[in-house]
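What follows is a short report on a single structure.
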Amino acid sequence: RVYQRSIAISPEGTRSKTGLLAAFKKGPFYLWQDCGHVSITPVIIFGAYELWPPGAFFPNSGKVHVRYCEPIIIKDQSKDKDDNDNLSIL
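In case it helps, the working numbering puts the sequence shown at residues 246 to 335.
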C-alpha cells in the first residue's frame, strides 16, 4: 500500500544546546532505506534556537526563516552497492 505522505525528522535526534548543527544519528537514514530510498528534501530553519533556547519553558515571539533545498534523489540504487555506499551519497 502506498500512502504518499511526508514526514519531518531532525537527523541530530535532539535540540542543539549551542545552536550549532550536531552530528547526525543513523536512525533517519535507516528509515530512508526501509521506505524504499524515497527522495529527501533538506530543510534549514534559521532562528529557531534564538526563539526557543534550551531551558526556556515557552518560545519567544519572533520570526524564523525556512529554506527548502533541492530534493536529494539517488538514481543508482543497484543491488551491487551496499547500503553504506548509498548513505555516503547523502
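Beta carbons: idealized from backbone N, C-alpha and C, even for Gly.
(request) Return the CA-CA distance between K324 and D279, expressed in angstroms with no decimal places. (result) One-based indexing of the sequence shown puts residue 324 at position 79. One-based indexing of the sequence shown puts residue 279 at position 34. For K324, the predicted model reports a pLDDT of 48, less than 50, meaning its position is unreliable and no value from the coordinates is stated.
(request) Keeping to the same chain, check which residues put their C-beta closer than 6 Å to that of A267; ignore five residues upstream and five downstream. (result) Along the sequence shown, read from residue 1 onward, the residue named residue 267 stands at position 22. Closer than 6 Å at Cβ, skipping near neighbours: E257 and S261.
(message) Short of 8 Å in beta carbon distance, which residues of its chain neighbour C314, apart from the five on each side in sequence? Order them along the chain.
(response) If you number the sequence shown from 1, residue 314 lands on position 69. Answer for C314: T286, P287, V288 and I289, listed in chain order.
(message) I'd like the list of long-range same chain contacts for S264, defined as Cβ closer than 6 Å, with 5 residues on each side in sequence excluded.
(response) Counting from 1 along the sequence shown, the entry for residue 264 is found at position 19. What sits at residue 264 in the sequence shown is Gly, not Ser. Around G264: Y294.
(request) Can you tell me which of the three DSSP states F302 falls into? (result) Against the sequence shown, residue 302 aligns to sequence position 57. Looking at F302 - three-state DSSP - the assignment turns out to be coil, as it is neither helix nor strand.
(message) Going by beta-carbon coordinates alone, are I318 and S284 separated by less than 8 Å?
(response) Position 73 of the sequence shown, counted from the first residue, corresponds to residue 318. Position 39 of the sequence shown, counted from the first residue, corresponds to residue 284. Yes, the Cβ-Cβ distance between I318 and S284 is below 8 Å.
(request) Following the continuous beta strand (DSSP E) through Y313, name the residue where it begins and the one where it ends. (result) If you number the sequence shown from 1, residue 313 lands on position 68. H310 to Y313 is the span of the beta strand (DSSP E), which, as asked, contains Y313.
(message) Taking the alpha-carbon of T259 as reference, which of N305, K270, V247 and R246 has the nearest alpha-carbon?
(response) By one-based count along the sequence shown, residue 259 stands at place 14. For T259, the nearest C-alpha among the options comes from K270.
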